[in-house]
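Chemist:
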Amino acid sequence: MYYIGYDIGSSSIKAALVEKASGKQIAVVNEPETEMEMMSIHKGWAEQNPNTWWKHICTATQRLLKENQLKSEVITGIGISYQMHGLVVVDKKGNPLRNAIIWCDSRAVSIGQEAFDALGIEKCAEHLLNSPGNFTASKLKWVKENEPEIYAQIHKFMLPGDYIAYKLSSDIRSTISGLSEGIFWDFKSNQIADWLLQHYGIHKDLVPQLTPTFSVQGEVSIEGAKQSGLATGTPILYRAGDQPNNALSLNVFNPGEVAATGGTSGVVYAITDSLSVKESSRVNNFAHVNYTTEKPRIGKLLCINGAGIQYRWLLNNLKVSSYEEMNALAASVPVGSDGVAIHPFGNGAERMLDNKILGTQLSNINLNNHTKAHLCRAALEGIAFSFVYGFEIMKSDGLKAEVIRAGNDNLFRSEIFSNTIATLIGQEIEIYNTTGAIGAARACQLHKGDFKTFSKQIMDNDYVMSYTPTNEKAAYITAYKKWKNKLDQLLKNN
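Taking my numbering, the leading residue of the sequence shown gets -15, the next gets one more, and so forth.
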């Protein structure tokens, strides 16, 4: 018997087949072969057709079954991970009324800021744990203001994962974790944030029915089975946004546990049981997958836009053949890159820097002495220093990191990158070879509360290695202080 896990990204759909008994990964497929279309009619807009996600879900499912010679009846559960903060609106027949407004769309920034100013930092911090920001609630308000004819037809709004679950089951539902990522949840009163809806003029009837994150959330309908290739009655047992799901995939559930991601952008996602926030403008706070009103588990999320994208830029412009060659070049240079410093903030506004746009900064280059090897080392250190800076912000917001786990992705494969972070924060970093789709598949078992087996499956199947703090801490501290002083100057002059 097997579980299927889906990861609905903005570039592709990943589907994973996992053996139920052992949690072992059997197969993973990506659809489509090229990136999905992202429409940007105006600057700062980003939309996708939600039925494109569904089309590729169906193709990926059929591929998994066919390529592994399996009948649909052997799939006993479905888990769904999805791109966070998106907005799908449907009519009474469940048909999308417009393209989905996805996570990287910035049209609602001013709406969220106006609400934050009007409602007050204290009210938002105590009840929402966030600024309304550019999240799903603000995007829905944008539709109300700018597309009233569409808004008038809305039966329900959904997050991307909710829509896929609906297409599979014909049931429109969401979770507390999902509503919190859209900034619809009041943590202080443990209910939907009616007062925010009232401020935006949004009727509560548009909110989907709530279902527990780990539960039988619906079953594949006759139509869902016909299109997807799954068997009628197959239960949907889990759904969560991509960052909470990434943490779940790394067995991060409890206070003090941290999940880190080093892809195109960098993410630090830490679990706490505290509802107190000090950095609501720089750190997002969401209900984690195992949040309950009796036992709150909050995921603190800090994003670093300028991470792997900068290292890829160097790869494309230094005339090197691979990341492995870049890492080898970097290893030939001592800690601190002989004074060369790179601040990797060239991927738009950085929320952790109060939404300032610095651009990538290269400094202290001596044209007689420095080479591309120094640039490679300075790039890795600069991105790592950004993570350390982010950890300092999280610490000021109450984070006490006891366990740090990361996926075996591009940046964390680098010994220099991982050792720099581990040494400066004085904490071991555990590396696991897993993906969001695999985690979503394994999460199907958690509706029965068996976290012990889930944890064991991750250790048995995914653990790769650990990076421990090195004995060169003094050199790392000196280099980081210089980098941080330069950052303070950049921020002051911006």
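Ideal Cβ placement from N, Cα and C applies to all residues, glycine included.
What residue from F375, G366, P116 has the CA that sits closest to F100's CA?
Modeler: Your numbering for residue 100 matches position 116 in the sequence shown. Selected option, being the one with the closest Cα: P116.
Chemist: First and last residue of the alpha helix (DSSP H) that includes N477?
Modeler: Your numbering for residue 477 matches position 493 in the sequence shown. Start and end: 457 to 477.
Chemist: Look up D170 in the DSSP assignment and give the residues it is bridged to.
Modeler: For the purposes of this step, residue 170 is identified with residue 186 of the sequence shown, where counting begins at 1. In the DSSP output, where bridge partners are listed per residue, D170 has Q175.
Chemist: For G185, is the classification buried or exposed, using 16 other Cβ atoms within 10 angstroms of its Cβ as the cut-off for buried?
Modeler: Within the sequence shown, numbered from 1, the residue matching residue 185 stands at position 201. With fewer than 16 other Cβ atoms within 10 Å, it is exposed.
Chemist: Would you list the one or two residues that DSSP bridges to Q294?
Modeler: For the purposes of this step, residue 294 is identified with residue 310 of the sequence shown, where counting begins at 1. Partner(s): none; Q294 has no beta bridge.
Chemist: Per DSSP, which residues does W276 bridge with? Please list them.
Modeler: The count along the sequence shown starts at 1 and reaches residue 276 at position 292. Reading off the sequence shown, one finds Thr at residue 276, where the question assumed Trp. For T276, which the question treats as bridged, DSSP gives no partner whatsoever.
Chemist: For G166, collect the residues of the same chain with a Cβ closer than 6 angstroms to its Cβ; drop the 5 residues on either side in sequence, then sort them by chain order.
Modeler: The sequence position of residue 166 within the sequence shown is 182, counting from 1. Excluding residues within five positions, the ones whose Cβ falls inside 6 angstroms are F119, T120, A121.
Chemist: Could you tell me whether the Cβ atoms of G61 and A84 are closer together than 7 angstroms?
Modeler: Position 77 of the sequence shown, counted from the first residue, corresponds to residue 61. Position 100 of the sequence shown, counted from the first residue, corresponds to residue 84. Not closer than 7 angstroms, so no.
Chemist: Who are the near neighbours of V372 in its chain, counting only those whose CB is closer than 7 angstroms to its CB and skipping five residues on each side?
Modeler: Start at 1 with the first residue of the sequence shown, and residue 372 comes out as number 388. Answer for V372: I405, L408, I409, Y464, listed in chain order.
Chemist: Keeping to the same chain, check which residues put their C-beta closer than 8 angstroms to that of A102; ignore five residues upstream and five downstream.
Modeler: Translated into the one-based positions of the sequence shown, residue 102 becomes position 118. If we look at A102 and ignore the five residues flanking it on each side, its Cβ neighbours are H183.
Chemist: For the alpha helix (DSSP H) containing S439, list its first residue and its last residue.
Modeler: Taking the first residue of the sequence shown as 1, we reach residue 439 at position 455. Segment 435 to 446, the alpha helix (DSSP H) holding S439.
Chemist: For Q53, which of A11, A109, L302 has the nearest alpha-carbon?
Modeler: Here the question's residue 53 lines up with position 69 in the sequence shown. Checking every option, the nearest Cα to that of Q53 belongs to A11.
Chemist: Comparing alpha-carbon positions, which option in I59, R82, P16 lies nearest A30?
Modeler: For the purposes of this step, residue 30 is taken as the residue at position 46 of the sequence shown. If we check each option's Cα against that of A30, R82 comes out closest.
Chemist: Assuming R47 is part of the alpha helix (DSSP H), what are its boundary residues?
Modeler: The count along the sequence shown starts at 1 and reaches residue 47 at position 63. That run of the alpha helix (DSSP H) goes 34 to 51.
Chemist: For F237, does the three-state DSSP call read helix, strand or coil?
Modeler: What you label residue 237 is simply residue 253 of the sequence shown in a count that begins at 1. Here F237 sits in coil by DSSP.
Chemist: Using a 10 Å radius around the Cβ and a threshold of 16 neighbouring Cβ atoms, would you call E278 buried or exposed?
Modeler: Working through the sequence shown from its first residue, we reach residue 278 at position 294. Flag for E278 reads exposed.
Chemist: Where DSSP assigns a beta bridge to S347, which residues make up the other side?
Modeler: For the purposes of this step, residue 347 is identified with residue 363 of the sequence shown, where counting begins at 1. BP columns for S347 point to A325.
Chemist: Going by C-alpha to C-alpha distance, which of I86, A92, Y(-10), F435 sits closest to Q46?
Modeler: As a first step, residue 46 is located in the sequence shown; it is residue number 62 there, counting from the start. Nearest option by C-alpha distance: Y(-10).
Chemist: Which whole runs of the alpha helix (DSSP H) in the segment 115 to 165 are 4 residues long or more, in chain order?
Modeler: With a minimum length of 4 residues, the continuous alpha helix (DSSP H) runs that stay inside the segment 115 to 165 are 120 to 130, 132 to 135, 144 to 153, 160 to 165.
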